[in-house]
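**Student:** Got a structure for you, questions after.
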Amino acid sequence: MEFESAVFDFSYLAAIALGSEMSGGIQDVRAEDITAINTESGVRIKTAPGRGAFVKDIYVKGVRMNTMKYVFWMSGAYGSHPDNGYDPKALPVIRNINYRDMVAQNVTIAGNLAGINGDPFTEICISNATIEMRKESKKLPWNCTDISGVTSRVSPQPCGLLPDQKPSSDCAFPNDRLAIDDVPLKICSGGSSYI
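Be aware that the sequence shown starts at 17, since it is given in this note's numbering, and climbs by one per residue.
Have a look at this one:
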């Protein structure tokens with residue numbers, strides 16, 4: 017079997033995406049040491065009224081990104097529902113979202129964080145994040161509505177809804193070991209491979 021090289025376009029995807037389907041809730045997610053190149057967003061959380069459930073206790077650190085539209089993207093107006101039988105009064109809970117030690121280059125918008133009017137996304141924390149904006153970017157680096165939280169050592173300076181905490185400190189990241197941390201990595205090599 018013969019293969020030619022292929023180029024894949026990931027410019028419409030997120031490196032990490034949570035939602036919009038979350039009927040059972042999304043909780044206690046840890047992500048670290050990730051490299052993302054040419055994606056639409058680095059970290060994406062998407063939901064809407066009628067989704068209900070929750071996204072909470074999310075911990076992301078050590079992400080390196082290059083060439084993307086958004087580093088942080090949260091939407092409370094995703095608008096997609098699997099059928100017409102959903103309860104429009106079922107509001108999701110989005111809270112305790114932590115990002116730290118992030119570096120991004122060639123970015124159009126640092127953050128587009130839009131919660132839900134009357135149901136804001138809360139306890140957002142961003143620390144030690146350096147975002148290099150695309151030279152030709154003319155938009156504001158941050159767009160924030162219906163959110164609350166804090167930042168520390170973030171450049172460019174985030175929106176007023178994410179004030180700089182004094183004294184500076186890092187966002188939370190659990191330090192307990194997970195079972196996956198003890199799985200030995202095995203490296204295999206061989207002469208031929210078959211698909």
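Idealized CB from N, CA, C, for every residue including glycine. Small disclaimer: the values here were computed from a predicted structure and weren't measured.
Cα separation between Val23 and Pro179?
**Tutor:** Residue numbering aside, residue 23 sits at position 7 when the sequence shown is read from its first letter. Residue numbering aside, residue 179 sits at position 163 when the sequence shown is read from its first letter. With a pLDDT of only 45 at Val23, under 50, the local geometry of the prediction cannot be trusted, and the value read off the model is given with reservation. Between Val23 and Pro179, the C-alpha separation is close to 41 angstroms.
**Student:** Taking only beta-carbon atoms, is Ser36 less than 7 angstroms away from chain D?
**Tutor:** No chain D is part of this structure, which consists of one protein chain only.
**Student:** Distance check for Asn191 and Leu156, CA to CA, integer angstroms please.
**Tutor:** Counting from one through the sequence shown, the residue named residue 156 turns up at place 140. Counting from one through the sequence shown, the residue named residue 191 turns up at place 175. Looking at the two C-alpha atoms, the distance is approximately 35 angstroms.
**Student:** Taking the alpha carbon of Ile50 as the reference point, which residue from Tyr75, Glu37, Ala64, Pro65 has its own alpha carbon closest?
**Tutor:** As a working note, residue 50 is residue 34 in the sequence shown. Of Tyr75, Glu37, Ala64, Pro65, the residue nearest in Cα terms is Tyr75.
**Student:** Quick one: give me the first and last residue of the beta strand (DSSP E) that Cys160 is part of.
**Tutor:** The residue you call residue 160 lines up with position 144 of the sequence shown. Cys160 -> beta strand (DSSP E) spans 158–161.
**Student:** Should Ala30 go down as buried or exposed, given a rule of 16 or more other Cβ atoms within 10 Å for buried?
**Tutor:** Counting from one through the sequence shown, the residue named residue 30 turns up at place 14. Buried.
**Student:** According to the neighbour-count rule (16 or more other Cβ atoms, all chains shown, within 10 Å of its Cβ), is Lys105 buried or exposed?
**Tutor:** By 1-based counting over the sequence shown, the position of residue 105 is 89. With fewer than 16 Cβ atoms within 10 Å of its Cβ, Lys105 is classed as exposed.
**Student:** I think Val123 touches Met149, with their Cβ atoms under 8 angstroms apart; what is that distance to the nearest whole Å?
**Tutor:** Here residue 123 refers to the residue found at position 107 when the sequence shown is read from its first residue. Here residue 149 refers to the residue found at position 133 when the sequence shown is read from its first residue. Yes, they are in contact, since the Cβ atoms of Val123 and Met149 sit about 6 angstroms apart, within 8 angstroms.
**Student:** Output the boundary residues of the beta strand (DSSP E) element that contains Gly8.
**Tutor:** The structure shown does not extend to residue 8, since the chain is modelled only from 17 through 211, so no value can be given for it.
**Student:** Among all the DSSP beta bridges, which residues are the ones paired with Asp44?
**Tutor:** Taking the first residue of the sequence shown as position 1, residue 44 is located at position 28. Looking at the DSSP assignment, Asp44 forms no beta bridge with any residue, so it has no partner.
**Student:** Taking Leu178 as part of the beta strand (DSSP E), name the residues at either end of that continuous run.
**Tutor:** Here the question's residue 178 lines up with position 162 in the sequence shown. It is not in any beta strand (DSSP E) - Leu178 carries neither H nor E in the DSSP assignment.
**Student:** So, with DSSP's three-state summary, where would you put Ala52?
**Tutor:** Taking the first residue of the sequence shown as 1, we reach residue 52 at position 36. Strand at Ala52.
**Student:** Measure the C-alpha to C-alpha separation of Gly101 and Tyr94 and round it to an integer number of angstroms.
**Tutor:** Position 85 of the sequence shown, counted from the start, is the residue given in the question as residue 101. Position 78 of the sequence shown, counted from the start, is the residue given in the question as residue 94. Each residue's Cα considered, the two are about 17 angstroms apart.
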